[in-house]
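Report on the structure given below.
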Amino acid sequence: MIDAQGLQLVFPSQDGPVEALKDIDLTVSRGDFVSFIGPSGCGKTTLLRAIAGLEQPTGGTLTINGMSPDAARKSRAYGYVFQAAGLYPWRSIARNISLPLEIMGFSRAEQNRRVADALELVELGGFGRKYPWQLSGGMQQRASIARALAFDADILLMDEPFGALDEIVRDHLNEQLLELWKRTGKTIVFVTHSIPEAVFLSTRIVVMSPRPGRITQVIDSPLPRDRPLDIRDTPAFLDVAHQVRDGLRAEHAYD
Amino acid sequence: MRSILPVLTVVAALLALWYAAVVPMNIKAALTDAERAGMTVQPEGAAARRDLSAIQLVLDNPSVISATFQQARPRLPAPHQVVVELWNTTAGQKVTSKRSLIYHGWVTLSATLLGFAIGTIAGGLLAVGIVHNRAMDMSVMPWAIASQTIPILAIAPMIIVVLNSIGVQGLLPKAIISAYLSFFPVVVGMVKGLRSPEAGQLDLLKTYHASAGQSLWKLRLPASLPYLFASLKVAIAAALVGAIIGELPTGAVSGLGARLLAGSYYGQTVQIWAALFGAAIAAAGLVGLVGWIERLVLTRMGMAK
């Protein structure tokens, strides 16, 4: 579904070129939940943006559904969720969610149907007429996920979507996200710097490291797809978390 | 309500300063009048008083002070004279009368509003072009800035002469001078406003493969409105100045500018000051109106601060 081979991305800067990504080999299959984890500056967001066609790789190959990232973006192959909800204050929640539908030229009736479906998916039914300022931060972020789901792309790219929320809200949203992933069967690529979040959500965890940004370890999670919140107290969960922590720590020793 | 006391204090202080200034400004003419009427003043004879300071004359002739507030053509009219003139030329006249300040105000106001509309539309279109086209970004802004460095008093007669030679007369030349002054703040504010959406917001639209037109209509324009309204307040006041200036070089017979001009021809200082205050009141009203619409629109859009 997503395939990167020897991917490289160099930003020009005033003190010489910066290697944001180096030798990235990664395959994401249909239905996977893949998390990128690593310290800031490790290129996890850059990699996600490259997949989305928002950054241009300077070397290697990257395909999404067999297409170039740009072609995939133009065929609206993915929904993207940013760290900030970025809802338009002048639009109601329903009208915010219909924004991509309007741009993509869906009929008014189809828009209404899809907005209602997306609101249900993120458990915001009945909030369509509210305005963003009337919603809590967590609800706003759910609305922004609904906006990314509304046009029913197969892939959902999420860039630290819960990074600005408190832990209780974050737990709740993680649970909801897993539920949503099971119901829709989407392929999700998720950027985070929280180890518990990555382990709880992912089928595969990609550990990354900075200078140059690269993948140091890919951990396939043995946890079942059905995950209640208290799975986090099981030995299997703690074992995966331990592996991730070791992977991250090894890189700090390397520094 | 708590702010009313400071406001009244400032107004009282300004009025006191004004009244205090009226006495020395008008004392020489008042002494001449008093002497003609047979009063004895210190010193006698206008020639003897010519080189004396006004303050000295006031101190020597306290009995003449009250006369300085009541002259027909004072050098500086007293506030109550201006108020009486304003009252007589608004409430005291039919609005269709040539002597009604409301009639003249409306003549100027209609040119102001037309010029403001032209300036706002032109400024908005230029801003959209500047934001979307690199060549326009590089080329239009310097000209827009240059246009504002030319004194409007110098260019206004030329605009009127050129337009007159191609048969354009009446309201439109004045409106164009208004537009000339009012488009600039709109361009500056709108460019800033259209560029105000954050990179993340534009990236989001990029992931939808939105066209430039869609980005403009759905994101940039709504996001620019707070900036636009700030500019419109400056623009509408500038438009009024433009309309008044547009009335000066033509020897116009109606409009606030014509009142100023006629007042200065005939030494009717009270009339000049009344027209000035009429213009100031009109400008305050227009800016207030724009502010009211701004609050209404931005509250409705959830963007009110």
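Those protein sequence lines, which keep their order, are chains A and B.
Each residue of the first sequence is one higher than the one before, counting from 1 in the working numbering.
Each residue of the second sequence is one higher than the one before, counting from 1001 in the working numbering.
Heads up, the beta-carbon is just placed ideally off N, CA and C, and yes, glycines get one too.
| Query | Result |
| --- | --- |
| Tyr1103/B (DSSP reduced to helix, strand or coil) | helix |
| Chain-ordered neighbours of Pro1302/B on chain A, where CB pairs are closer than 8 Å | Just to set this straight, residue 1302/B is Gly in the shown sequence, not Pro. Under the 8 Å cutoff, chain A gives Pro89, Trp90, Tyr131, Pro132, Trp133. |
| Whole alpha helix (DSSP H) elements within the region 113-187 of chain A, 4-residue minimum | 137-149, 167-184 |
| Own chain residues within Cβ distance below 7 Å of Asp32/A, not counting five before or after | Thr187, Thr203, Arg204 |
| Buried versus exposed call for Asp1137/B [16 or more other C-beta atoms within 10 Å across all chains shown] | exposed |
| Per-residue burial, His1080/B [other beta carbons within 10 Å of its own, 16 or more giving buried] | exposed |
| Span separating the alpha-carbon of Ala1067/B from that of Ala1030/B | 6 Å |
| Proximity test, Cβ basis, 8 Å: His1132/B and chain A | no |
| Supposed contact pair Phe106/A and Gly159/A - C-beta distance, whole angstroms, cut 8 Å | According to the sequence displayed, residue 159/A carries Asp and not Gly. About 25 Å; that fails the 8 Å criterion. |
| Residue-level contact to chain B via CB, Pro12/A, 8 Å cutoff | no |
| Contact with chain A by Tyr1227/B, beta-carbon distance below 8 Å | no |
| Status (buried if at least 16 other CB within 10 Å, exposed otherwise) for Phe11/A | exposed |
| Interface positions of the region 176-200 of chain A facing chain B (Cβ-Cβ less than 9 Å), listed along the chain | none |
| CB contact check: Lys74/A to chain B, cutoff 8 Å | yes |
| Through-space distance from Arg49/A to Glu258/A, alpha-carbon basis | Examination of residue 258/A is not possible in this model, given that chain A is present from 1 through 255 alone. |
| Val1023/B, enclosing beta strand (DSSP E) - first and last residue | Note, Val1023/B: premise wrong, no beta strand (DSSP E); alpha helix (DSSP H) at 1004-1036. |
| Cβ pair Ala150/A, Ile97/A closer than 8 Å | yes |
| Under 8 Å between C-beta atoms of Val1270/B and Pro1024/B | no |
| Within chain A, partners of Gln1201/B - CB distance below 7 Å | Gly86 |
| Distance, Ala1135/B Cα to Val1234/B Cα | 27 Å |
| Reduced DSSP secondary structure (H/G/I, E/B, other) of Gly1092/B | coil |
| Runs of alpha helix (DSSP H) wholly within the region 40-115 of chain A (minimum 4 residues, chain order) | 44-51, 69-74, 93-97, 99-103 |
| Own chain residues within Cβ distance below 7 Å of Phe237/A, not counting five before or after | Val199, Leu223, Ile231 |
| Expected contact under 8 Å - CB spacing of Pro39/A and Ala52/A to nearest Å | Not really, about 22 Å apart at Cβ, beyond 8 Å. |
| Any chain B beta carbon closer than 8 Å to Asp255/A | The pLDDT assigned to Asp255/A is 48, lower than 50, so where the model puts this residue is not dependable; a value taken from the coordinates is nonetheless given after this. So, not an interface residue. |
| C-beta contact flag for Leu1204/B and Gly86/A at 8 Å | yes |
| Beta-ladder partner(s) of Ile1152/B, from DSSP | Per DSSP, none; premise fails for Ile1152/B. |
| For Ala20/A and Gln14/A, the rounded distance between their alpha carbons | 15 Å |
| Chain A contact residues for Ala1212/B, given Cβ-Cβ distances below 9 Å | Residues of chain A passing the Cβ test: none, with the nearest at roughly 12 Å. |
| Ser1264/B: first and last residue of the uninterrupted beta strand (DSSP E) it sits in | Where Ser1264/B is concerned, there is no enclosing beta strand (DSSP E), although the alpha helix (DSSP H) it sits in stretches over 1256-1265. |
| Beta-carbon proximity list for Glu110/A, same chain, < 6 Å, skipping 5 on both sides | none |
| As assigned by DSSP and simplified to three states, the class of Lys1098/B | coil |
| Exposure of Gln140/A, with buried meaning 16 or more beta-carbon neighbours within 10 Å | buried |
| Heavy atom of the ligand GDP within 7 Å of Thr1096/B beta-carbon | The ligand GDP is not among the ligands present in this structure, which contains no ligands whatsoever. |
| Three-state secondary structure assigned by DSSP to Gly1242/B | helix |
| Counterpart residues of Glu1247/B in DSSP-defined beta bridges | Partner(s): none; Glu1247/B has no beta bridge. |
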